[in-house]
Structures are given as structure tokens and as C-alpha cells.
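For reference, the structure is listed below as C-alpha cells.
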Amino acid sequence: MAGLHHNRARVIWLASQMETRRMAQGQRPNKDAYSLILEAIDVGVYKPGDRLVESDLAERFGVSRTPIREALQRLETQSLLARDGRSLIVNSLDHNQMAELYVVRTELEGLAARLAARHATKEEVRVLQDMVDSDQKLVNDPSALARSNRRFHKQIHLASHNRYLVQQLDLVHRSMALMATTSIAAEGRGEDTLVEHQAIVDAIANRDEAGAYEALRAHISTAFVTRLKAENEA
Numbered sequence: 000m001a002g003l004h005h006n007r008a009r010v011i012w013l014a015s016q017m018e019t020r021r022m023a024q025g026q027r028p029n030k031d032a033y034s035l036i037l038e039a040i041d042v043g044v045y046k047p048g049d050r051l052v053e054s055d056l057a058e059r060f061g062v063s064r065t066p067i068r069e070a071l072q073r074l075e076t077q078s079l080l081a082r083d084g085r086s087l088i089v090n091s092l093d094h095n096q097m098a099e100l101y102v103v104r105t106e107l108e109g110l111a112a113r114l115a116a117r118h119a120t121k122e123e124v125r126v127l128q129d130m131v132d133s134d135q136k137l138v139n140d141p142s143a144l145a146r147s148n149r150r151f152h153k154q155i156h157l158a159s160h161n162r163y164l165v166q167q168l169d170l171v172h173r174s175m176a177l178m179a180t181t182s183i184a185a186e187g188r189g190e191d192t193l194v195e196h197q198a199i200v201d202a203i204a205n206r207d208e209a210g211a212y213e214a215l216r217a218h219i220s221t222a223f224v225t226r227l228k229a230e231n232e233a
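Each residue of the sequence shown is one higher than the one before, counting from 0 in numbering that gives the first Met the number 0.
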């Protein structure tokens, strides 16, 4: 059973990297229309304010227009898409929505780190360390580092071994995709992010539950402050 957990962690990491490349290239993985559009938004193929055209989506993903139409309706009911006249656009978050989202994210991510320090397998910890190490080469590529950052956080969620927490964090991160920019793009934030990620991994590896909780909460809080500064300077 332990071997299954070990293999699962690495398979998820590798699969997520391949999936991101496929989405960016418009290649269709074996998923339904809803998942395809949702992941395209998540990885930044479609950004807040972008108009989603039914026929274009059907052609891009090689799916008929009926499931595309149903997927768009579902995404609209989840407030991930908004009406702009007769068209649908990727929604965006206002300042208050962003602040509320970060409050929830900070607490849930901190809990995930605490549980990961308690439950993560050695292989899961190794995968997290591999992510931090491989991200060193992405410091000067904010877009790539932001995508890898999402994978890093997802791996921590999975390492918590709490399916209900993972589900709630999936909802939070789905809404995070509605922010037009990434805090990692701020000057010097890439390097700081990796230092903070290393502190989180160290705490998880040392089974320091309180340390992991605080390290991840501090990481999210710093990202939020960075985003607010960028917003005020814009």
C-alpha cells in the first residue's frame, strides 16, 4: 500500500506537467468539455475578460458544440464565466472578492501543510523537494513558475491525505484563476517564492506540523501583500 502512495505522488506530478503542455498547445486530453475549458482557464490559456466562443472551443478541443454549450452553462452557474451582452467572458474578481478568497486560502492551505507534515510519505516529500529544485531554473520565467507553483501547492494538498480538504482547495484554486496577474511576476518575488517553498518543504520533511502551518500561511500572506502592492501601483 505504501508503494502505491509513493508512485501516485510522482505520477500526479509528471501527469500535471504533461497536461499543462498539452493545454497550452491546444491538444485534447481524454477529458470532457467542462474539464477541458476549466483547465484551459486554470493554466492561463484563457484569461479574465477573454471571450469564449462556442465554435472556437469546439474546434480547439475537437468536441461537438452541444457538450461545449453545456459546459459553458455550467461554468456560468459557478460564476467562472460572466455575461457580456450575448457573449460569455472569463470572469474576474474585484478587490473585496480577492481579499475574501485569500482569507479562506490562507487557512485551508495552512491546514493542508499541517496535515502533510503529519501524513506525507517519504516519496511525497521527495516529490515536493524535486519541485523546488527544478523550479530554480524558472526564476526568470514568471508564467512558467506560476504554473509550477500551482502544481507545488496541489502536491501539498494531496499530501494532506484528506479528500474533503483537497476538494475545498480545488474550489479555491479554481477561483484563483480569475485573477488577471500572478504575484510571482513582481520583481524579486520568484526568488522569494522558492525560499518560502523550501521552508515549507523543510517543515513537512521534519514532521513539524506547527512550522509547516505557519510557513505556508506566511507564504500566502506575503503573496497577497505583493498582489495588493501591484494593484495599487497599476
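Glycine included, C-beta positions come from ideal geometry on N, C-alpha and C.
On a predicted model such as this, the values are computed, not experimentally measured, just so you know.
Cβ neighbour criterion (16 or more within 10 Å) applied to Glu-230 = Here residue 230 is taken as the residue at index 231 of the sequence shown, counted from 1. Glu-230 is exposed by the Cβ-count criterion.
Round the Cβ separation of Ser-174 and Leu-110 to the nearest angstrom and send it over; I've been treating them as touching at under 8 Å.
-> Working through the sequence shown from its first residue, we reach residue 174 at position 175. Working through the sequence shown from its first residue, we reach residue 110 at position 111. Incorrect: roughly 18 Å between the Cβ atoms, too far for contact.
Rounded to whole angstroms, what's the CA-CA distance from Ala-179 to Leu-92? Just pull it up for me.
-> As a first step, residue 179 is located in the sequence shown; it is residue number 180 there, counting from the start. As a first step, residue 92 is located in the sequence shown; it is residue number 93 there, counting from the start. Taking the straight line from one Cα to the other gives about 9 Å.
Does the beta-carbon of Leu-170 have 16 or more other beta-carbons within 10 angstroms, so that it is buried, or is it exposed?
-> Position 171 of the sequence shown, counted from the first residue, corresponds to residue 170. Exposed, by the Cβ-count rule.
Roughly how many angstroms lie between the CA atoms of Leu-37 and Ser-182, to the nearest whole one?
-> The residue labelled residue 37 in the question sits at position 38 within the sequence shown. The residue labelled residue 182 in the question sits at position 183 within the sequence shown. Distance from the CA of Leu-37 to the CA of Ser-182, rounded to the nearest whole angstrom, comes to 21 Å.
Around the Cβ of Gly-189, are there at least 16 other Cβ atoms within 10 angstroms (buried) or fewer (exposed)?
-> The residue you call residue 189 lines up with position 190 of the sequence shown. When all chains shown are included, Gly-189 counts as buried.
In its own chain, which residues sit with a C-beta less than 6 Å from the C-beta of Val-165, not counting the 5 before and 5 after it?
-> Here residue 165 corresponds to residue number 166 of the sequence shown, with the count starting at 1. Cβ within range, chain order: His-156.
Answer yes or no: do Ala-222 and Gly-210 have a C-beta to C-beta separation smaller than 9 Å?
-> Counting from one through the sequence shown, the residue named residue 222 turns up at place 223. Counting from one through the sequence shown, the residue named residue 210 turns up at place 211. The answer is no: Cβ separation not under 9 Å.
Among Arg-162, Gly-187, Glu-53, Val-126, which has the Cα closest to the Cα of Arg-150?
-> Sequence index remark: in the sequence shown, residue 150 carries index 151 (1-based). Residue Val-126 is the option with its Cα nearest to Arg-150.
Decide if the segment 107-122 is in contact with the segment 65-78; the criterion is three or more beta carbon pairs, one per stretch, under 8 Å apart.
-> Output reads no: the segment 65-78 does not touch the segment 107-122.
Coarse secondary structure for Ala-229, derived from DSSP in three states = For the purposes of this step, residue 229 is taken as residue 230 along the sequence shown, with counting starting at 1. Residue state, collapsed to three classes: helix.
State the start and end residues of the unbroken alpha helix (DSSP H) segment that holds Leu-137.
-> By one-based count along the sequence shown, residue 137 stands at place 138. From DSSP, Leu-137 is part of no alpha helix (DSSP H); its letter is neither H nor E.
Answer with buried or exposed for Tyr-163, where buried requires no fewer than 16 other C-beta atoms within 10 angstroms of its C-beta.
-> Here residue 163 corresponds to residue number 164 of the sequence shown, with the count starting at 1. Tyr-163 counts as exposed, since fewer than 16 other beta carbons sit within 10 angstroms of its beta carbon.
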